[in-house]
Amino acid sequence: SKLQYFFVIVLIKIFYKYMFCEGPGFSILSLSLALFITVKFPAVRTYIDPHTYEDPNQAIHEFAKEIDVSCITIERVIGAGEFGEVCSGLLRLPGKREIPVAIKTLKAGYTEKQRRDFLGEASIMGQFEHPNIIHLKGVITKSKPVMIITEYMENGSLDTFLKKNDGQFTVIQLVGMLRGIASGMRYLSEMGYVHRDLAARNILVNSNLVCKVSDFGLSRVLEDDPEAAYTTRGGKIPIRWTAPEAIAYRKFTSASDVWSYGIVMWEVMSYGERPYWEMSNQDVIKAVEENYRLPGPMDCPTALYHLMMDCWQKDRNSRPKFEEIVSLLDKLIRNPSSLKGLVNSSNR
Ligand code: AMP
1 SKLQYFFVIV LIKIFYKYMF CEGPGFSILS LSLALFITVK FPAVRTYIDP
51 HTYEDPNQAI HEFAKEIDVS CITIERVIGA GEFGEVCSGL LRLPGKREIP
101 VAIKTLKAGY TEKQRRDFLG EASIMGQFEH PNIIHLKGVI TKSKPVMIIT
151 EYMENGSLDT FLKKNDGQFT VIQLVGMLRG IASGMRYLSE MGYVHRDLAA
201 RNILVNSNLV CKVSDFGLSR VLEDDPEAAY TTRGGKIPIR WTAPEAIAYR
251 KFTSASDVWS YGIVMWEVMS YGERPYWEMS NQDVIKAVEE NYRLPGPMDC
301 PTALYHLMMD CWQKDRNSRP KFEEIVSLLD KLIRNPSSLK GLVNSSNR
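Just so we're aligned: 303 in the UniProt record's numbering is position 303 of the sequence shown, and the numbers increase by one with no gaps anywhere.
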């Protein structure tokens, strides 16, 4: 906050004043400055699993603001979630201007576990604040139906959006979308949050083509995803998007999210094509194990295909970090001629 910055500036000024002095004044000041900065500005703010709260209602009110139902106007149904309808509407908070929002509802007749899982997503989303992560406005838990209110993303989910606009964007626009997703993922990985279901269907797009990561949850996300299939070990996993070590022994990490990110790159550059087309899940697992990788999409810049292939390295420690992906994409955007070389069309 502004007040914290003010304090830091005052402390730095005092620090400078005493810097060239010897004696206790200097050490006490430098110590207190170090302490203040460490406490007030921790380098990494980490994600807290709502499950660590004995009372899930405490978690939700820790991370999400309760909105009064009178502030919400529902307009129309825009989608279907596992727990109920997703609607668009308006939110008018006291003293603020009206803004468009998405409203997820929990349909009547739910169990206590369903309510907890439904609100679990808000407890997670409420901990994030980033331009490429879907923003939680608040929750309505004091009246029925229970609702989760988020920012409204005019262009809906990325996979459908790309299929509807096949071939309509410049390479720079596509790379801009990918840059946004990578930046959101860098933030999540810094927070220690592993997404596990990163796919174009779980990215939302607004009217400015800004892409934001959505669909947060615990077990819920995968149970809710029609792409997720049960493995022989009983886990439910979206095979085509998942790193081999996560499929084989559930080793989900930010490095397995990087693998999924490579698949999202492929989906974006091929305008929403289904990864591995009509191959069965079993064939995908076998092919990837035998080192088969998706070919470069039509007209895809070689530099981007190389990056995808890097994300699909068998050894998870050899994959790039989200930080490196963001820097590379920034470099490519700054130097558009680096995107001129396209993958060989005989590759397809
Ligand atoms: P979900 O249950 O989160 O997968 O949402 C189901 C569908 O509702 C999505 O595929 C989107 O088409 C739509 N949707 C969800 N959240 C939003 C949002 N914030 N803005 C616009 N559409 C959304």
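The C-beta atom is built at its ideal place from N, Cα and C for all residues, glycine as well.
What you are looking at is a predicted structure, and each value in this text was computed from that prediction instead of being measured.
Taken through DSSP and simplified to helix, strand or coil, Val86 comes out as strand. Here Glu151 is actually not in contact with His130; their C-beta atoms are around 12 Å apart, not less than 8 Å.
In this structure, Tyr152 has its CB closer than 7 Å to one or more heavy atoms of the ligand AMP. Residue pairing by DSSP places Met147 opposite Thr105 and Ile140 in a beta bridge. The DSSP-derived three-state label of Leu188 is helix. When distances are taken from the beta-carbon of Asp330 to the heavy atoms of the ligand AMP, even the shortest one reaches 7 Å or more.
Beyond the five residues adjoining it in sequence on each side, Gln127 comes within less than 7 Å, by CB distance, of Tyr47, Ile48 and Phe63 in the same chain, given in chain order. Distances between the C-beta of Ile285 and the heavy atoms of the ligand AMP are all 7 Å or more.
In its chain, beyond the 5 residues on either side, Gly138 have a beta carbon closer than 6 Å to the beta carbon of Lys65.
When the five nearest sequence neighbours on each side are left out, the beta carbons in the same chain lying within less than 8 Å of the beta carbon of Leu90 are those of Ile72, Thr73, Glu75, Glu98, Ile99, Pro100 and Val101, in order along the chain. In the DSSP annotation of this structure, the continuous segment of the alpha helix (DSSP H) that includes Lys163 starts and ends at Leu158 to Lys164.
Between the C-alpha atoms of Thr111 and Ile172 there is a straight-line separation of about 47 Å.
Here DSSP, grouped into helix, strand and coil, assigns Val77 to strand.
If you look at Cys211, you'll find it isn't in any alpha helix (DSSP H); it sits in the beta strand (DSSP E) that goes Cys211 to Val213. DSSP, read as helix, strand or coil, puts Ile67 in coil. The beta carbon of Leu339 lies closer than 8 Å to those of Val171, Ile172, Val175, Pro301, Ala303, Leu304 and Leu332 in the same chain, with the five residues before and after it left out. Relative to the ligand AMP, Asp117 has its C-beta separated by 7 Å or more from all heavy atoms. Proximity to Leu178 across Met269, Arg274, His306 and Asp283 peaks at Met269, based on C-alpha coordinates.
By the Cβ criterion, the stretch 239-258 is in contact with the stretch 182-199, since at least three pairs of Cβ atoms, one from each stretch, lie closer than 8 Å.
A direct Cα-to-Cα measurement between Gly180 and Gln168 gives close to 19 Å. Annotation for Ile263: the continuous alpha helix (DSSP H) segment containing it runs Ser254 to Met269. The C-alpha of Trp241 lies about 23 Å from the C-alpha of Asn206. The residues Glu85 and Cys87, in chain order, have a CB closer than 6 Å to that of Val77 in the same chain once the five nearest residues on each side in sequence are set aside. Rounded to whole angstroms, Arg316 and Lys13 show a C-alpha spacing of 46 Å. Boundaries of the beta strand (DSSP E) around Val205: Ile203 to Val205. Residues Tyr271 and Gly272 of the same chain have their beta carbon placed closer than 7 Å to that of Lys163, with the five preceding and five following residues left out of the count.
For the ligand AMP, no non-hydrogen atom lies closer than 7 Å to the CB of Leu136. Counting other Cβ atoms within 10 Å of its Cβ, Tyr261 reaches 16 or more and is therefore classed as buried. For Ala59, the shortest C-beta to heavy atom distance toward the ligand AMP is 7 Å or greater. Within the model, the alpha-carbon separation for Ala182 versus Glu227 is close to 22 Å. For Pro301, the secondary structure class from DSSP, reduced to helix, strand or coil, is strand.
Cα atoms of Met153 and Asn291: separation of roughly 37 Å, rounded to the nearest angstrom.
With a cutoff of 7 Å, Leu198 does not count as near the ligand AMP, since its C-beta is closer than that to no heavy atom of the ligand. Here Gly81 has Lys104 as same chain residues with Cβ atoms under 6 Å from its own Cβ, once five neighbours each way along the sequence are excluded. Across the structure, Phe118 and Tyr230 are spaced so that their CA atoms are roughly 22 Å apart. For Val86, the shortest C-beta to heavy atom distance toward the ligand AMP is below 7 Å.
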